[in-house]
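Read through the structure below, which is laid out as structure tokens, and then see the notes.
Residue numbers (my numbering), protein chains in the order written: chain S, 610 to 891; chain E, 2 to 341.
Okay, structure coming up:
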């Protein structure tokens with residue numbers, strides 16, 4: 610009985626070794642994306658057909674093969690069950706990538722970049738790995754030109770203005786050292802969260818007194834889906850009626866997931882900021 | 002020191018804490034300006050506030066209500082902790098003993114997860130309160146069905162059981178909705194809200210009724226401390242006293258948790274620090290817990306607001322980080338004084 614079991618195990622091992630030994634030269638066609646950002650990029654560069662499963666947070670684009678796989682608390686067996694030849698993750702909990710690699714599965718880790726160069730580099734890397742380098746190069750070029758046009762028009766309007774980016778009604782914000790903050794740096798806006806990041810996390814929790822006293826010219830709400838924040842709820846907060854952005858109505862509402870992913874839709878985020886600047890200076 | 006002197010000293014501590022709380026923050030507001038702007042708030046005096054409208058709003062709409070909420074939460078947690086330690090004759094009892102925290106945590110998580118798209122600043126407090134109440138009622142029902150143990154030990158065990166179960170459910174729901182982690186986590190670490198006077202109005206009636214109810218039982222808690230049978234032989238209905246005090250402490254704690262999240266340690270260190278310096282009598286311990294608990298949490302929040310200014314620290318981190326060493330010092334010096 611035990612010999613039979615041993616035999617089966619040995620056979621499985623052989624299958625595994627053979628499967629993992631398959632040449633890496635052919636582009637992967639069973640991709641599992643556990644990163645909502647990578648999911649968006651994969652579909653934008655024409656690699657969508659090669660994707661067989663995306664995690665439960667990947668809600669865009671609609672035609673992505675949505676599953677209940679969790680990127681936050683990943684189940685290695687469930688992932689391996691899709692027999693993927695490439696897994697893309699944005700962070701590596703509990704030694705996930707090590708375990709997957711031990712199973713012979715190729716893993717690409719693409720965590721939140723610090724700036725736009727990092728954003729583009731990840732897109733090109735995805736293109737290279739999936740055999741869509743040309744499309745990825747075109748996507749990056751188009752993003753650069755669209756963002757460049759928006760910034761060259763908006764930057765002169767941004768002179769001397771301050772911005773507050775809200776991740777949650779508890780006043781968690783993002784500093785210039787995050788890719789979110791880099792959107793504001795592009796325009797030359799002063800980010801009020803920068804003064805509050807002694808810990809260097811990039812995502813400090815601001816004191817309400819501080820936000821009100823800084824009176825930012827632009828308030829960007831990236832907590833409209835999670836927490837139903839609107840211009841009205843912001844104006845109703847104690848003391849906030851005196852904030853410059855509330856008085857001028859310069860409150861930008863941007864879908865939480867667009868403003869927290871470093872994918873192709875970051876252009877929409879840049880456009881929303883440019884529109885707010887146009888609103889302020891006309 | 003006589004009891005009256007202790008009360009006086011504790012009141013002074015609270016007043017100083019409140020003043021420090023109102024004056025210290027990321028935005029500098031001087032004492033004279035603050036006093037004058039307070040006088041300006043009195044109608045018919047025609048005094049003009051020297052503060053800019055923004056600073057005036059920061060002081061009166063953000064900072065002062067937060068200080069008041071801090072005082073109410075601190076008073077409530079310290080008093081509830083002291084009375085739990087009394088009715089269960091267990092020095093480790095804290096206000097979260099019977100599952101309030103776990104139940105409220107589940108309620109808060111459900112509100113954040115399933116009422117997505119609703120401003121959860123409005124839905125979280127009632128959901129947390131309901132969850133806390135359900136957990137304690139469940140603990141009480143289980144404890145009762147198992148029969149009364151000495152010193153309410155069965156009830157304590159039932160509370161631990163219920164807390165474990167509710168925490169498991171809360172963690173499960175949380176894992177299924179990892180995108181809401183930040184909102185729930187922020188509440189679990191404890192934070193005094195900055196939603197103005199609304200939270201004061203929500204919390205005040207609960208805290209007032211609960212603290213009054215507990216204070217009315219302070220003599221009976223002294224009798225209870227000699228033991229259930231001895232107390233019964235003195236004509237005290239032990240079960241009734243225990244139930245009344247537990248109901249008051251629990252309802253008050255649930256309300257405090259609903260607005261401020263899970264602020265740990267206050268319910269343990271404040272009553273014990275008072276016991277160590279002023280003695281164990283509940284007649285003195287309970288009113289002192291009200292005053293010192295309020296002052297302690299207000300000061301803890303000053304640190305939470307200013308240590309990383311203009312960023313904020315979760316207040317639960319402050320109460321444990323500064324509370325634990327402080328308590329260790331009180332423990333050492335008082336034992337040394339007692340032995341010398």
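The beta carbon of each residue, even a glycine, is placed where N, CA and C say it ideally should be. Owing to the predicted nature of the structure, the values given are computational and were not obtained by experimental measurement.
Check: Could you check if residue 818 of chain S is buried or exposed, using at least 16 other CB atoms within 10 Å of its CB as the buried criterion?; Outcome: buried
Check: Might you give, ordered along the chain, the residues of its own chain that have their beta carbon closer than 7 Å to the beta carbon of residue 630 of chain S, omitting 5 neighbours on each side?; Outcome: Low local confidence applies: a pLDDT of 45 at residue 630 of chain S is under 50, so the model's placement there is unreliable, with the coordinate-based value given in what follows. Answer for residue 630 of chain S: no residue qualifies.
Check: Less than 7 Å between the beta carbons of residue 319 of chain E and residue 305 of chain E, yes or no?; Outcome: yes
Check: Quick check on residue 62 of chain E - is its C-beta less than 7 Å from some C-beta in chain S?; Outcome: yes
Check: If residue 881 of chain S sits next to residue 861 of chain S, beta carbons under 8 Å apart, how far is it from one beta carbon to the other, in whole angstroms?; Outcome: 5 Å
Check: Classify residue 147 of chain E as helix, strand or coil using the three-state DSSP reduction.; Outcome: coil
Check: Should residue 704 of chain S go down as buried or exposed, given a rule of 16 or more other Cβ atoms within 10 Å for buried?; Outcome: exposed
Check: Any beta carbon from chain S within less than 7 Å of residue 28 of chain E's own beta carbon?; Outcome: yes
Check: Just tell me which of E:114, E:291, E:96, E:89 has its CA closest to the CA of residue 182 of chain E.; Outcome: E:114
Check: Just the chain E side, please: which residues come within less than 7 Å of residue 814 of chain S by C-beta, in chain order?; Outcome: 312, 313
Check: Can you give me the Cβ contacts of residue 759 of chain S inside the same chain, cut-off strictly under 7 Å, excluding the 5 residues immediately before and after it?; Outcome: 879, 880, 883
Check: Considering only their Cβ atoms, is the gap separating residue 764 of chain S from residue 790 of chain S smaller than 7 Å?; Outcome: no
Check: CA-CA distance, residue 330 of chain E and residue 19 of chain E?; Outcome: 24 Å
Check: Taking 7 Å as the CB-CB cut-off, is residue 306 of chain E touching chain S?; Outcome: yes
Check: Report buried or exposed for residue 686 of chain S, applying the criterion of at least 16 other Cβ atoms within 10 angstroms of its Cβ.; Outcome: exposed
Check: Between residue 119 of chain E and residue 841 of chain S, what straight-line distance do the alpha-carbon atoms span, to the nearest angstrom?; Outcome: 13 Å
Check: Is residue 54 of chain E close to chain S, meaning its C-beta is less than 7 Å from at least one C-beta of that chain?; Outcome: yes
Check: Check whether the region 263-281 of chain E and the region 233-249 of chain E touch, using three or more Cβ-Cβ pairs below 8 Å as the test.; Outcome: no
Check: In the structure shown, what three-state DSSP assignment does residue 657 of chain S receive?; Outcome: helix
Check: Which term fits residue 269 of chain E, buried or exposed, when burial requires 16 or more other beta carbons within 10 angstroms of its beta carbon?; Outcome: buried
Check: Do you know offhand how far residue 191 of chain E's Cα is from residue 317 of chain E's?; Outcome: 5 Å
Check: With 16 other CB atoms within 10 Å as the buried threshold, where does residue 637 of chain S fall?; Outcome: buried
Check: Could you tell me whether the Cβ atoms of residue 255 of chain E and residue 101 of chain E are closer together than 7 Å?; Outcome: yes
Check: Do you know offhand how far residue 838 of chain S's Cα is from residue 846 of chain S's?; Outcome: 11 Å
Check: Looking only at C-alpha atoms, which of E:56, E:66, E:141, E:333 sits nearest to residue 37 of chain E?; Outcome: E:56
Check: Just how far apart, CA to CA, sit residue 713 of chain S and residue 706 of chain S?; Outcome: 11 Å
Check: Quick one: what does DSSP say residue 771 of chain S is sitting in, helix, strand or coil?; Outcome: strand
Check: Counting only beta-carbon separations shorter than 7 Å, does residue 667 of chain S have a partner in chain E?; Outcome: no
Check: For residue 231 of chain E, is the classification buried or exposed, using 16 other Cβ atoms within 10 angstroms of its Cβ as the cut-off for buried?; Outcome: exposed
Check: Give me the DSSP bridge partner(s) of residue 312 of chain E.; Outcome: S:815
Check: Just checking my contact of residue 874 of chain S with residue 867 of chain S at CB under 8 Å: how many whole Å lie between their CB atoms?; Outcome: 5 Å
Check: Leaving aside the five residues before and after residue 201 of chain E along the sequence, list all residues of the same chain whose C-beta is less than 8 Å from its C-beta, in chain order.; Outcome: 66, 69, 70, 73
Check: Quick one: does the C-beta of residue 872 of chain S sit closer than 6 Å to a heavy atom of the ligand NAD?; Outcome: In the structure on display, the ligand NAD does not appear, and there are no ligands present to speak of.
Check: Leaving out five residues before and five after residue 675 of chain S in sequence, what residues of the same chain have Cβ atoms less than 8 Å from its Cβ?; Outcome: 663, 665, 667, 668
Check: Quick one: list the residues of chain E neighbouring residue 806 of chain S, beta-carbon separation under 8 Å, in chain order.; Outcome: 312
Check: Tell me which residue opens and which closes the beta strand (DSSP E) that residue 117 of chain E is part of.; Outcome: Premise fails: residue 117 of chain E is in no beta strand (DSSP E) and is neither H nor E.
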